[in-house]
Ligand code: NAD
Ligand code: FES
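In the working numbering, the protein residues as written are 3 to 295.
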């Protein structure tokens, strides 16, 4: 079970794995995530589902081996097995619940930042399969780390690649491309869905608020255990405490307090910081394990 059928380095230190997981593949929808453990004694790592094939019984993940646990995942090769894979978890994208005829009338723009392209692809693919071709702006720092361009291009109506250094596609950050498309190139969008680094999602929301385009963001990036027990993904949305792993990962971007989420995420990285947050936040520190206090 959970055998790795394919492993590929998409760009320097960004990997794709196709994994045998028939029950997850049968049930998952775009926007949902998995918890994986590479070895019996490994930490649990939440990863978004980048692709799935119900017939073949496989799912695909994209990861960057940066921390200890993701480096252990990267020790696995084709033919090896994950110790366990739990999912699908989290709420599916709201697009999956919308009326298909309404969806077809909407003009949607996805904004994918760096590795955040991985969770954008299954949403674009799902829409494409349902007869809706949404546009996408995909940003990367430089040409060498643009990932999944062929797959994204095969399911997007229009795919606009941007690089911060101008080495490929449009020059500048994703916000520049959104602004140009809407204010100079006559594009109209009813909805933006932005997934990538928090700083990108913050500035995309600032811009789309000015442009009057409702925007959804995905807060996967702050999750740690993915089960509501660690308190890592606590954030404030519209003045209320929410947890990305239980209540999200997608939220109305105009309601998310990004500055607080970024500050908290930095504090959470140290043991001292985690203790401080636990004391400060009391009963609302965890996301609903039901076993506290
Ligand atoms: P990156 O830092 O290379 O940024 C990607 C693009 O985001 C840039 O090319 C730029 O166009 C845009 N961007 C960055 N800063 C911006 C700003 N200040 N204003 C406007 N646009 C800006 O991305 P990366 O190194 O691949 O990012 C990895 C991050 O993405 C990690 O923090 C990871 O946790 C996160 N991530 C998030 C999700 C999610 O669901 N939100 C999923 C996967 C990865
Ligand atoms: Fe731990 Fe959400 S990831 S509470």
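Heads up, the beta-carbon is just placed ideally off N, CA and C, and yes, glycines get one too.
Being a predicted model, the structure only gives us computed values, none of them experimental.
Mind checking residue i: buried by the 16 CB within 10 Å criterion, or exposed?
| i | result |
| --- | --- |
| residue 277 | exposed |
| residue 273 | exposed |
| residue 125 | buried |
| residue 294 | Because the pLDDT at residue 294 is just 47, under 50, the model does not fix this residue reliably, and the point stays unresolved. |
| residue 222 | buried |
| residue 118 | buried |
| residue 73 | exposed |
| residue 269 | exposed |
| residue 68 | exposed |
| residue 8 | exposed |
| residue 132 | exposed |
| residue 243 | exposed |
| residue 140 | buried |
| residue 89 | buried |
| residue 228 | buried |
| residue 1 | No answer is possible for residue 1: the residues shown for the chain start at 3 and end at 295. |
| residue 127 | buried |
Look at the Cβ atom of residue i, then the Cβ atom of residue j, and state whether they are nearer than 7 Å.
| i | j | result |
| --- | --- | --- |
| residue 27 | residue 60 | yes |
| residue 161 | residue 155 | yes |
| residue 175 | residue 166 | yes |
| residue 110 | residue 172 | no |
| residue 34 | residue 51 | yes |
| residue 219 | residue 255 | yes |
| residue 87 | residue 130 | no |
| residue 123 | residue 153 | yes |
| residue 42 | residue 71 | no |
| residue 204 | residue 245 | no |
Please check the pair residue i and residue j, which I expect to be a contact at CB under 8 Å, by giving their CB distance rounded to whole angstroms.
| i | j | result |
| --- | --- | --- |
| residue 224 | residue 267 | 5 Å |
| residue 98 | residue 32 | 6 Å |
| residue 92 | residue 275 | Wrong, their Cβ atoms sit about 25 Å apart, outside the cutoff. |
| residue 47 | residue 75 | 7 Å |
| residue 297 | residue 142 | Any question about residue 297 goes unanswered here, given that the chain covers just 3 to 295. |
| residue 2 | residue 84 | In this structure the chain extends from 3 to 295, so residue 2 is not present and cannot be described. |
| residue 197 | residue 114 | 6 Å |
| residue 240 | residue 262 | Between residue 262 and residue 240 the Cβ distance is about 13 Å, and since that is not below 8 Å, they are no contact. |
| residue 170 | residue 180 | No, residue 170 and residue 180 are not in contact; Cβ-Cβ is about 18 Å, not under 8 Å. |
Handout entry: Any beta strand (DSSP E) of 3 or more consecutive residues that is wholly inside the segment 15-84
Key = List check, beta strand (DSSP E) in window: 16-22, 35-39, 47-50, 53-55, 60-65.
Practice task
Assess, as a yes-or-no matter, whether the segment 229-243 is touched by the segment 199-214 under the definition of 3 or more beta carbon pairs within less than 8 Å.
Solution key: no
Exercise for the section: Identify every run of the beta strand (DSSP E) within the segment 203-233, keeping only runs that are complete inside it and at least 3 residues long; order them along the chain. Expected result: As for any beta strand (DSSP E) of minimum length 3 sitting wholly inside the segment 203-233, the runs are 217-220, ordered along the chain.
Problem - At least three beta-carbon pairs within less than 8 Å, the segment 213-220 to the segment 126-146 - result: no
Exercise for the section: Indicate whether the contact test is met: 3 or more Cβ pairs, each with one atom in the segment 3-19 and one in the segment 144-158, closer than 8 Å. Expected result: Contact annotation: the segment 3-19 touches the segment 144-158, with at least three C-beta pairs closer than 8 Å.
Exercise for the section: Report the residue ranges of all alpha helix (DSSP H) runs contained in full by the segment 97-183; include only those spanning at least 4 residues, in chain order. Expected result: 102-107, 119-131, 151-157
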